[in-house]
Amino acid sequence: MYEQKILLGFIRVHILHHAATDPQGIYGTAMREELKRHGYNISPGTLYPILHEMMNNGLLTSKPIIVNGKQRKIYHATQKGRETLTILKQSIKELSNEVI
Ligand SMILES: [Zn+2]
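In our numbering, the protein residues as written are 93 to 192.
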């Protein structure tokens, strides 16, 4: 399924959007539920490497918090992440006007 490859790019945009706009940040399980709500069924084995890749590229930061005795990583968009999102939003708008 070649479309999977393209959809993984959309998923990255979606993650970046929430990491930039949700004041409390995002975490893995909630992000998977959010993506599911939008029709993307993404396994932890796919999501977590994407989150790490986005951190390694300076788009996200993470900080651990403890919830009910368990550690949870909260992700926020960095300045670079916000700038990247701004650029992507332009491309999405442009592409959408053309394709849709
Ligand atoms: Zn969403």
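The C-beta atom is built at its ideal place from N, Cα and C for all residues, glycine as well.
All figures in this text were calculated on a predicted structure; none of them were measured in a lab.
The closest CA to that of Y140, considering only I184, R124, G173, K128, is found on R124. Approximately 15 Å separates the beta-carbon atoms of S154 and K162; this is outside 8 Å, ruling out the contact. Distances from the CA of E95 to each of A111, G117, Y132 were compared; the closest alpha carbon is that of Y132.
The continuous beta strand (DSSP E) containing S154 extends over residues 152-159. For the region 95-178, the continuous alpha helix (DSSP H) assignments of 4+ residues that do not extend past its boundaries occur at 120-129, 136-148, in sequence order.
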